[in-house]
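The block underneath contains the structure these notes are about, expressed in structure tokens.
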Amino acid sequence: MTDRSSSLRLTATDLARIAVFAALIAALGLAGTLYPLGGQVPITAQTLGVMLAGAILGAYGGALSVITFTVLVAAGLPLLSGGRGGLHWVIAAPTSGYLIGWSFGAFVIGWLAWRFRPWRRSAAAGMALFLLINLIGGVGVVYAIGIPVHIWRVDSGTLAVIQAIGSFLPGDLLKAVVASVVAYQVHRAIPGLAGGSNE
Amino acid sequence: MIEVERVTQRFGDRVILRDVTVTLAEPRIGVIGSNGSGKSTFARLLNGLVKPSEGRVTVDGFDTRREGGKVRRKVGFIFTDPDNQIVMPTVAEDVAFSLRRLKLSPDEARDRVAEALERFGLAGHADHPAHLLSGGQKQLLALASVLAAQPETIVCDEPTTLLDLRNTRRVGTLLSQLPQRVVLVTHDLDLLDEYDRVLVFDEGSLIIDDKPAPAVAAYRTLMASP
Amino acid sequence: MAAGGVSPGGPLGAYVPGTSLLHRCPPGPKLLGLLVALTLAIRWPEYVAVPAVALFALARVPPRMALAQLRPLWLFLAVAFGFQVLAAGLGTAIEVVGGILLAVALASLVTLTTRVSAMLDALVVAARPLRRLGIDPDRVALLFALAIRSIPLITEIVRNVREAQCARGAGNNPIALAIPTMIRTLRAADALGEALIARGIDD
Ligand SMILES: Nc1ncnc2c1ncn2[C@@H]1O[C@H](COP(=O)(O)OP(=O)(O)O)[C@@H](O)[C@H]1O
Ligand SMILES: [Mg+2]
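Same order as they appear, the protein sequences are chains A, B and C. If you read the first sequence in the working numbering, its first letter stands for residue 4, the second for the next number, and so on. If you read the second sequence in the working numbering, its first letter stands for residue 2, the second for the next number, and so on. If you read the third sequence in the working numbering, its first letter stands for residue 481, the second for the next number, and so on.
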């Protein structure tokens, strides 16, 4: 990441950040369930971690941390929200496409964020830009991979869309908003973030 | 021997250490000073975690700027919070991690790990997840891991600040018995009684360099004045 | 740690200890077998279903454990089943839901009979050819181990921030939770990175 021209060799700092963000995505699935909107609907913060991985670590670091997380789940660790884990969730479930999509989503978010640098703008403009980026990567890209797989597995476009809207979309929209505010604030609070990797 | 020559350390335009020159040759050296006085920055200079903005630091002649790898083989480092220092999931793996650069045979490595765990009373925990150890045990694991690599010096940055009295004593005693040179940054002034030398930092300057008794007394006076 | 070796006594996850043929089979062949079975199951599910059940019996995975893997899917499958009955009839509904169950069951069988560490080691071995692209398999193994190590560390941060914000009455405000969590997570990452440097990982 630091020196992409010669090889993909990751420095200790890169490794630590990627590992810690993979762990953050896991921790948000384990301990990050929120009950906003009057406490009716539980929302796990796992995809919030995915969006933030891209927005904070950039394209390569973000994608690698989500890939690391995905590999740990595939290897059998119960790190998906609700304590789910195992190869079946990564490659065989009707929702596996979304999970695979997370890595690409994080990459796109990181790429767009480093391309347009929302943290250099005023709060309102920067957060709005981050929101757009998170929606493109965290919802657009993830659903672009997740929905076709979903449709194929349940053999119905209507059903897939109903299930996606019923179970993921409201939470994902809310998380895109949260991720935008948080990403903007964190980049402002720690100016060095955008300077290291990915530049 | 560690030589710090005319080191000034800046972060941005803030001066954190001001023109520090000192040669560390004694087996037991204490470092004290109030919060923010620059002790951690000084400690980090000694193994190249921080590179001096001006001046130079050498360990047995190796410059921390150019030969960080050689320096870090000679100088081990213990952090305040062992949670951040344990890098592997289980106790034995964390010790084994220190040995990777020594290129030992698997048998040799296993023996070394067992020996290190035995020495620090962790033999029964070899395959336990490291995060389930108590705070004191975690700091002992950090010591076991760093010492397994057999450095010549270990620099400890407030290793007992997060520990209770019993564990503070235990770590203090272990440090005092090591064959290695020890540079101990601490607020537990009692631990320094038998040390050879104590450095006192204040606002980025090395203001006192003396035997423990006079250095600690001068430090207490300094802290008592308004 | 040489290439691989991610926690010998480490976390079990969904693994069910045992000594069956499937347990003793190395992960590589098992994964290849899974790939073949999944491909066949797409075209001829009815012919794969019976051997799949036989494999579960062979592996002696308690049915309770096998079903536990499927439980989070029940609501999802019930909706799919109901929808397909109405939209396309019972036959299609059974076909669709059966197909999903079969694929999930086959893949879960690999997870149920393979240790997390064995699976990760197999991946690290599989990553060896990537050396030519500059990807060091040792670093891949290290990355997995670091991530596993970091999970309790970061879970603790998430919990602590939550408790602190609850005490201030902001326990369910996602932004009030996420910003301090993020800052502390980054600080933990820096500390971990420093520890790795101090222990010679970059030298
Ligand atoms: N990496 C850094 N960047 C900016 N400021 C730093 C950094 N490290 C330390 N400082 C500042 O340097 C001063 C001295 O810090 P430190 O060496 O940690 O002192 P001590 O260990 O004696 O408390 C503090 O004011 C601290 O904020
Ligand atoms: Mg300090």
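In this text, a Cβ means the ideal position worked out from N, Cα and C, and glycines have one as well.
Collapsing the DSSP output to three states places residue 525 of chain C in a helix.
Burial check for residue 135 of chain B: the Cβ neighbour count within 10 Å stays below 16, so the residue is exposed.
At a cut-off of 7 Å, the C-beta of residue 682 of chain C has a neighbouring C-beta in chain A. The secondary-structure analysis by DSSP pairs residue 18 of chain B across a beta bridge with B:10. Look at residue 41 of chain B: its beta carbon is less than 6 Å from one of the heavy atoms in ligand 2.
Contact with chain A is found for residue 552 of chain C, since one of that chain's Cβ atoms lies less than 7 Å from the residue's Cβ. Residues of the region 624-640 of chain C with a C-beta atom less than 7 Å from some C-beta of chain B are 625, 626, 628, 629, 632, 633, listed in chain order.
Using a 10 angstroms sphere on the CB of residue 574 of chain C, the tally of other CB atoms stays under 16, which defines it as exposed.
The way I'd put it, the region 662-675 of chain C doesn't touch the region 51-61 of chain B; fewer than three beta-carbon pairs between them come closer than 8 Å. The beta carbon of residue 88 of chain A falls within 7 Å of a beta carbon belonging to chain C, placing the residue at that interface. For residue 188 of chain B, no CB of chain C lies under 7 Å from its own CB, so it is not counted at the interface with that chain. Under the Cβ distance rule, residue 598 of chain C does not count among the residues neighbouring chain B, no pair being separated by less than 7 Å. Going by C-alpha positions, residue 570 of chain C is about 33 Å away from residue 494 of chain C. Between residue 154 of chain A and residue 160 of chain A a beta carbon distance of about 5 Å is seen, short of the 8 Å cut, so the two are scored as contacting.
Residue-level contact by beta carbon fails for residue 2 of chain B and chain C, as no gap is shorter than 7 Å. For residue 185 of chain A, the C-beta contacts it makes with chain C under 7 Å involve 655, 658, 659, 662, in order along the chain.
Interface annotation, residue 561 of chain C: not in contact with chain A, CB-CB separation never under 7 Å. When C-beta distances to chain C are compared with 7 Å, the residues of the region 142-164 of chain A below that value are 156, 157, 158, 159, 162, in chain order. Residue 86 of chain B belongs to the set of residues whose beta carbon lies under 7 Å from a beta carbon in chain C. Interface flag for residue 78 of chain B against chain C is set, since a Cβ pair is found closer than 7 Å.
Here residue 516 of chain C is exposed. Its C-beta has fewer than 16 other C-beta atoms within 10 Å.
Listed by position along chain C, the residues whose Cβ is nearer than 8 Å to that of residue 48 of chain B are 678.
With fewer than 16 other CB atoms across the displayed protein chains lying within 10 angstroms of its CB, residue 214 of chain B is exposed. Within the region 89-119 of chain B, those residues whose Cβ lies closer than 7 Å to any Cβ of chain C are, in chain order, 89, 90, 91, 94, 97, 98, 99, 101, 102. Judged by DSSP in its simplified three-state form, residue 130 of chain B adopts strand. Taking every protein chain shown into account, the CB of residue 174 of chain A has 16 or more other CB atoms within 10 angstroms, so this residue is buried.
Taking C-alpha positions only, residue 600 of chain C is separated from residue 24 of chain B by approximately 47 Å. Contact annotation for residue 547 of chain C against chain B: no contact, minimum CB-CB distance about 28 Å [criterion: below 8 Å].
In the displayed model, residue 38 of chain B falls within coil according to three-state DSSP, outside both helix and strand. Taking the Cα of residue 101 of chain A as reference, the smallest distance to any Cα among A:84, A:128, A:148, A:80 is reached at A:148. Residue range 172-192 is occupied by the alpha helix (DSSP H) that includes residue 175 of chain A.
Each of B:29, B:51, B:27, B:36 was checked against the Cα of residue 10 of chain B, and the nearest Cα belongs to B:51. Ranked by Cα distance from residue 528 of chain C, the options C:568, C:623, C:513, C:503 are led by C:513. Excluding residues up to 5 positions away in sequence, 31, 193, 213, 216 lie with their Cβ nearer than 6 Å to the Cβ of residue 199 of chain B in the same chain. Judged by DSSP secondary structure, residue 206 of chain B falls within the beta strand (DSSP E) whose first and last residues are 206-211.
When only Cα atoms are considered, residue 530 of chain C and residue 74 of chain B end up about 59 Å apart.
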